[in-house]
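In our numbering, the protein residues as written are 46 to 350.
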């Protein structure tokens, strides 16, 4: 079955690539292609776009489609491609998820609708309608810190039972009891991806499939290496990398993602460090802390002002 085959492929570090803008705030598609090439060359096991790190709420629906289409062509089948297609608007989510299928995405990641705080029954109806509208696998994205509502384990399990193409979840829930129960009630073969940087390694230890971590934007090779070490059975190396990455994880989330990540990538010469309002870059004081951390991690050769 195609869904079972995809379960074998969707593992490791799925990089949630940022949406680069030029100095005027227009999407920089050429830079996006370069970022995707760098990710794949660095060992990332998959590519996602227009998730939280990609500022989807700052993009029009047509811009999201163009980003997805450009990214799909840039990936060119080298690794799985899992665009994020969710929105606070049900019709938009259906449209974007169907578009992901049309362009040949390997799966679609669909966020719990943000702002409007649906009930669990409403969430069930929303996700079931999305899953029923396409044939590609669906990864549910649960991030209560951004959406103000948690997709409860019993709702997730009900969806998995009723929708064969819901094959996994990106869990950005800091409650580790919750994520343990996701695997217990959704099945040990359910693809559990960490969206909390400090839980990427612990989730692997309970049987998780990998992570979709914003830190992979800045140091894709190290994040991929941690997963490779775990899958190769080198537990000590995986643990060491987990702790090695911790300070960088902390600084990249010192303010709302992807502000610090874009500041870091700008310092590294990868992008023009630009966000669309209402998001913005961190203050100069915070950027200096980011700069010092990048130097410590050998991601910058020297401190520049």
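Just so it is clear, CB atoms sit at the ideal spot from N, CA and C, and this is done for glycine as well.
Exercise. Taking residue 96 and residue 269 to be in contact with their CB atoms under 8 Å, please state how far apart those CB atoms are, rounded to whole angstroms.
Key: About 18 Å; that fails the 8 Å criterion.
Practice problem: Whole angstroms is fine: what's the gap from residue 242's alpha carbon to residue 217's? | Solution: 9 Å
Quiz item: Do you know offhand how far residue 227's Cα is from residue 109's?
Solution: 30 Å
Quiz item: Whose C-beta lies closer than 6 Å to the C-beta of residue 65 among residues of the same chain, with five residues either side of it excluded?
Solution: 73, 76, 77, 316
Exercise. Just mark residue 332 as buried or exposed, buried being the case when its beta carbon has 16 or more other beta carbons within 10 Å.
Key: buried
Quiz item: Could you give the residue range of the beta strand (DSSP E) that holds residue 168?
Solution: Counting along the chain, residue 168 falls outside any beta strand (DSSP E), though it belongs to the alpha helix (DSSP H) covering 165-177.
Quiz prompt | Sub-8 Å separation of residue 45 and residue 204 beta-carbons | solution = Given that the chain is displayed from residue 46 to residue 350, the structure contains no residue 45 and the question cannot be resolved.
Exercise. State yes or no: is the C-beta of residue 129 within less than 8 Å of the C-beta of residue 102?
Key: no
Self-check item: Cβ neighbours of residue 210 in the same chain (closer than 8 Å, five flanking residues each side left out)
Solution: 48, 176, 179, 180, 181, 182, 183
Exercise. Would you list the one or two residues that DSSP bridges to residue 298?
Key: Paired residue(s): none; residue 298 is not in a bridge.
Self-check item: Whole-angstrom distance between residue 116 and residue 122, CA atom to CA atom
Solution: 11 Å
Self-check item: Segment contact flag, the stretch 290-306 with the stretch 273-280, C-beta cutoff 8 Å, min 3 pairs
Solution: no
Quiz prompt | Contacting residues, own chain, Cβ-Cβ under 7 Å from residue 330 (five flanking each side not counted) | solution = none
Self-check item: 8 Å Cβ cutoff, residue 244 in contact with chain B
Solution: Structure shown: chain B not included; a single protein chain is present.
Quiz item: residue 274: which of 255, 340, 259 sits nearest, CA to CA?
Solution: 255
Practice problem: Could you pull the start and end residues of the alpha helix (DSSP H) that residue 310 belongs to? | Solution: 304-312
Exercise. Indicate whether residue 155 and residue 133 have their beta-carbon atoms separated by less than 8 Å.
Key: no
Quiz item: What do you reckon, are the CB atoms on residue 230 and residue 198 nearer than 8 Å?
Solution: yes
Practice problem: Measure the alpha-carbon distance for residue 104 versus residue 250 and round it to whole angstroms. | Solution: 36 Å
Practice problem: State the DSSP-derived secondary structure class of residue 237, mapped to helix, strand or coil. | Solution: strand
Self-check item: Three-way DSSP call (helix, strand, coil) for residue 261 in this model
Solution: helix
Exercise. Count the other CB atoms, across all protein chains shown, that sit within 10 Å of the CB of residue 149; report buried if there are 16 or more and exposed otherwise.
Key: exposed
Quiz item: Once you ignore the five residues that flank residue 344 on each side, which residues in its own chain have a CB closer than 7 Å to its CB?
Solution: 263, 264, 313
Quiz item: What is the residue span of the alpha helix (DSSP H) that residue 48 lies within?
Solution: 47-54
Exercise. Starting from the C-beta of residue 147, find all residues in its chain whose C-beta is less than 6 Å away, skip the five residues before and the five after it, and write them out in chain order.
Key: none
Quiz item: Can you give the Cα-Cα distance for residue 141 and residue 289, rounded to whole angstroms?
Solution: 37 Å
Quiz prompt | Whole-angstrom distance between residue 144 and residue 215, CA atom to CA atom | solution = 21 Å
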